[in-house]
Structure formats: structure tokens, C-alpha cells
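Novice: Protein chains in written order, with the working numbering: chain A, 1 to 285; chain B, 1001 to 1156.
Note that beta-carbon positions come from the ideal geometry of N, C-alpha and C, so glycine has one too.
Sending over a structure as C-alpha cells; questions will come in a sec.
If you want it as C-alpha cells, here you go:
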């Protein structure tokens, strides 16, 4: 950015929070189903492929003999997920346990993008953009897919679909319908609409909160990294700006270390809630 | 913070990744884990078996050792008894030989003394006859009185 015009703080933040989408400029409408976030798609698919590469490599090299360190690490992960799935979901887990593993590893990888320097990839993208003769001020790039509500709601919607699928599969369409109208308050014609409304609210709130929780955590984390980046950018040769710079380094270190916990915890929470919701679909009231 | 079609793309990617994990990642790893678990269980069972085998073998070995020791002791005491018997026999044999020798010597000495007595008797008889001849040169005929003289000889 630099020579001709350095962005002010608000411009910096807005620029960092704007997606690279299929429009080429910021999406105006709140909801527009014709638009894609290219950066979110690129990073989530790339990280998904990386995850598949890592796990498939572990699977290909898995032996029943003495495991190496890499194999042992993957096995710890797999066994942890398996034991969680086993304790929460009572029934056939041939898809659910691998699903939980996918959720955990993939979300962990996507969250971990937050630990890259907040300006690194956007800056490289800007460079590539200006080299090809475009205006670098319009070179948008967000590298944390889980800080995009579309990504997290997409996944929680996937979990909702699986919940519906397993509800029908386990209880039968009739059984599930019966449950929709008789739980939680009981079987009485007067209570049917109330029960149904409660069930709908439950499904919607589960799904929305599931996606929003992860999005909110990662979005807020990214925003704080940007604010810390602004502290570092305040350096202007004066004593007070120097102090801000030192504070920026200190805060960056502290927040990054704390974020290691957050990205792991959020991935774990998303996995556990996935298991809990699908487990609920297995339980008859 | 806008909602758009990225949401559905993410949903599809999510389900594809989960399917891939179920198909190609989960089964081999679980298989390896289960196989290792059964291998370890087998190994532990084999170790247990080896331990009981070892204690059996130790017991057997100590039994054999004890038996060998017992038979050796028996053998030794038998040998000692045999040796004692041999010594006893030899001693008895020796004593018998000594007795026989003594008896033989005594018998021989008896015979010799008998012969000496006979000889002496003959001699005395001859002397007596000679004495009597000298005294009774005329009256006594040796042939006529042989019976008398023989009787006299046996009375000596």
C-alpha cells in the first residue's frame, strides 16, 4: 500500500474484512445467492485437501506393528474421536465417527490460518494483484475460512441435514413425525402445535448457534489480530508510537499463544456438538 | 458478513470430505489399531503361558534333581553295605583259614607225637627185650616168646 496513500485504521480494517468474491467488489445485499466468496472456497478446499493428504498418508502407512511418531499422533487423534463418538452416539458409527474426525481436523486447519501473520497472505495477494496491473486497493483476501459465516453455517447446515437423515433412519418417518408433534410437552392435540413450534425453534437455534459460535470466535480473533497489527503500524518515530509498537509485539505474542488454545477448543467444540446433535437424532423420546 | 452461495459450496465440500474420511482414512487406521490390540493380547497370553511353562519346568527339574540325589544316596549306602559285607566275608574267610591251618598243624603235631611215642615204644620194647635177653639169655627164645613180647609192647 505505501507510497501514495497509506490507509487509515478504518480503511485497513474494512479492507481486511472484505472477501474476494465473484463480484470483484463488496457484496451490497446482505443475502445474495449468486455470489461466491472465492477466498473462503479456495482456502477451505485447499486445507481440506491438505487434511485428506495427511490423513490418507497416515492411513496408507498404518501398520499393526510398532507405530512411528506420525502414525502414533494420528492414532491418538482417531482413538480420541472414536471414544467420544462411542460415548455420545449409540448406534452405527461407520459414518459418524469419521465425520467427527473430519470436522475436528478440517476446522482446526482452517482456524490455524489465523496464526499466520494477519497481513502476510493479503499482502502477497496485493502484490500479485498490482503486478498484473490491477488496483491493489481492490485486492481483497481473507484467509481464515471459519471467520466467514458462510463456511461455518454451511457446515452446521450439513450437520442439520445429517440430523434429519438419522432421525428418519432411526425412528422412521412416522416415528420422527410423532416426536415432532408430541415432544417435549406430551401427546395431546392442544399441545401439537406448541410441540412442533418448539421443535422447529430447537432445530433452527441449534444450527444457527452451532455455526455462529465458531464464526464469532474466529471473526473476533481475526479482528483482534488486525487491531494488534494496527498497533504495530503506529510506528512513526516518536516515543509514544514506539511504545505502541512494543505493546503491539507483546499483545501479538500473548494473543497468538492464547489463540492456539482457542482454535483447538473451537474445533473440538464444533466436533462435540456435531456428535451431540447427531446423537440426539438417535435417541427416541 | 454476507450470506451467499459459498454456504452451499462449503456444505458440499464438508460432506465430500467426511465421505472420503469414512471411505479411505478411518477403516485402515481402525484396522491397524484393532490388529495391534489383538497382537498385544496374544503377546500377553503367550507371556503368561511361558511363565506357567517355566514354573512347570522348574518344578520338574527340581523333582528330577531330588530323585537323582536320592538314588545316588541309595547307591552309596548300598555300596557301603556291600563293602562292609566284603570285609566281613574276608575276615571270616581269614579266620577260617587260620583255624584250618591251626587244626592241620595240631593234627600233624599229634600224629608226629604219636609216631614218636610209637617209635619210643618200639625202642623201649626193644630195649626191654634186649635187657631181658641179656638177663634171660638162656631161658627166653625170641621166637617162642614173641606173643608175650608183643603183648608187653602194647601194654607199654
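According to the neighbour-count rule (16 or more other Cβ atoms, all chains shown, within 10 Å of its Cβ), is residue 134 of chain A buried or exposed?
Specialist: exposed
Novice: Would you report the Cα separation of residue 1012 of chain B and residue 163 of chain A, rounded to the nearest angstrom?
Specialist: Our two residues, residue 1012 of chain B and residue 163 of chain A, have alpha carbons roughly 16 angstroms apart in a direct line.
Novice: Is there at least one Cβ from chain B nearer than 8 angstroms to residue 78 of chain A's Cβ?
Specialist: yes
Novice: Pull the bridge partners of residue 37 of chain A from the DSSP assignment, please.
Specialist: A:21
Novice: Decide if residue 1146 of chain B is buried, meaning its Cβ has at least 16 other Cβ atoms within 10 Å, or exposed.
Specialist: Label assigned to residue 1146 of chain B: exposed.
Novice: Between the region 173 to 182 of chain A and the region 216 to 231 of chain A, can you find at least three pairs of beta-carbon atoms closer than 8 angstroms?
Specialist: no
Novice: Kindly give me the distance between the Cβ atoms of residue 231 of chain A and residue 214 of chain A, rounded to whole angstroms, as I take these residues to be in contact under 8 angstroms.
Specialist: No, residue 231 of chain A and residue 214 of chain A are not in contact; Cβ-Cβ is about 26 angstroms, not under 8 angstroms.
Novice: Nearest by alpha-carbon distance to residue 255 of chain A: which of A:211, A:116 and A:166 is it?
Specialist: Checking every option, the nearest Cα to that of residue 255 of chain A belongs to A:116.
Novice: Distance cutoff 8 angstroms, beta carbons only. Does residue 14 of chain A sit that close to anything in chain B?
Specialist: no
Novice: What residues in the region 1007 to 1025 of chain B bring their beta carbon closer than 9 angstroms to a beta carbon of chain A?
Specialist: 1007, 1008, 1009, 1010, 1011, 1012, 1013, 1014, 1015, 1016, 1017, 1018, 1019, 1020, 1021, 1022, 1023, 1024 and 1025
Novice: For residue 98 of chain A, go through chain B and note every residue whose CB falls closer than 7 angstroms to its CB, in chain order.
Specialist: 1018, 1021, 1022, 1025 and 1026
Novice: Counting along the chain, where does the alpha helix (DSSP H) carrying residue 274 of chain A start and finish?
Specialist: Note, residue 274 of chain A: alpha helix (DSSP H), 239 to 282.
Novice: Exposed or buried, which one is residue 1032 of chain B when buried takes at least 16 other CB atoms within 10 Å?
Specialist: buried
Novice: Does DSSP classify residue 116 of chain A as helix, strand or coil?
Specialist: Look at residue 116 of chain A here: in three-state DSSP terms it is coil, with no helix or strand label.
Novice: Of all Cβ atoms in chain A, is any one closer than 8 angstroms to the Cβ of residue 1005 of chain B?
Specialist: yes
Novice: Output the distance between the C-alpha atoms of residue 31 of chain A and residue 108 of chain A, rounded to the nearest integer angstrom.
Specialist: 27 angstroms
Novice: So with Cβ pairs under 8 angstroms, would you call residue 148 of chain A a contact of chain B?
Specialist: True, the Cβ-Cβ gap to chain B drops below 8 angstroms.
Novice: For chain B, is any of its Cβ atoms less than 8 angstroms away from the one on residue 281 of chain A?
Specialist: Not a single CB atom of chain B sits nearer than 8 angstroms to the CB of residue 281 of chain A.
Novice: If I'm right that residue 40 of chain A touches residue 1017 of chain B with Cβ under 8 angstroms, what's the distance once you round it to whole angstroms?
Specialist: About 15 angstroms separates the two Cβ atoms, so there is no contact after all.
Novice: To the nearest angstrom, how far is it from the Cα of residue 1061 of chain B to the Cα of residue 1069 of chain B?
Specialist: In this model, residue 1061 of chain B and residue 1069 of chain B are separated by some 12 angstroms (Cα to Cα).
Novice: Out of A:211, A:67 and A:24, point me to the one whose CA is closest to residue 149 of chain A's CA.
Specialist: A:211
Novice: What is the rounded straight-line gap between the Cα of residue 19 of chain A and the Cα of residue 246 of chain A?
Specialist: 30 angstroms
Novice: Tell me, please, whether the CB atom of residue 1069 of chain B is closer than 8 angstroms to any CB atom in chain A?
Specialist: With respect to chain A, the C-beta atom of residue 1069 of chain B has no partner C-beta closer than 8 angstroms.
Novice: Jot down the residue ranges of each uninterrupted alpha helix (DSSP H) in the region 177 to 249 of chain A, minimum 4 residues, whole runs only, in chain order.
Specialist: 192 to 233
Novice: Using Cβ-Cβ distances below 9 angstroms, what residues of the region 82 to 95 of chain A are close to chain B?
Specialist: 82, 94 and 95
Novice: Using the beta-carbon of each residue, which ones in chain A are nearer than 7 angstroms to residue 1032 of chain B?
Specialist: 62, 63 and 64
Novice: Which full runs of the alpha helix (DSSP H) of 4+ residues lie inside the region 1049 to 1135 of chain B, going along the chain?
Specialist: If only uninterrupted alpha helix (DSSP H) runs of at least 4 residues are considered, none is enclosed by the region 1049 to 1135 of chain B.
Novice: Assign residue 55 of chain A to one of two classes, buried (16 or more other C-beta atoms within 10 Å of its C-beta) or exposed (fewer than that).
Specialist: When all chains shown are included, residue 55 of chain A counts as buried.
Novice: For chain B, check one thing: does any of its Cβ atoms lie closer than 8 angstroms to the Cβ of residue 227 of chain A?
Specialist: no
Novice: According to DSSP, is residue 105 of chain A helix, strand or coil?
Specialist: helix
Novice: Mind checking which residues open and close the alpha helix (DSSP H) that includes residue 72 of chain A?
Specialist: Residue 72 of chain A -> alpha helix (DSSP H) spans 69 to 88.
Novice: Name the one or two DSSP bridge partners that residue 1004 of chain B has.
Specialist: A:32
Novice: Taking only the alpha-carbon atoms, compute the straight-line gap between residue 1019 of chain B and residue 228 of chain A and give it to the nearest angstrom.
Specialist: 39 angstroms
Novice: For residue 76 of chain A and residue 95 of chain A, what's the separation of their Cα atoms in angstroms?
Specialist: 19 angstroms
Novice: For a test of the three-state rule: what should DSSP assign to residue 129 of chain A, helix, strand or coil?
Specialist: Here residue 129 of chain A sits in helix by DSSP.
Novice: Excluding the 5 residues flanking residue 276 of chain A on each side, which residues of the same chain have their C-beta closer than 8 angstroms to its C-beta?
Specialist: 88
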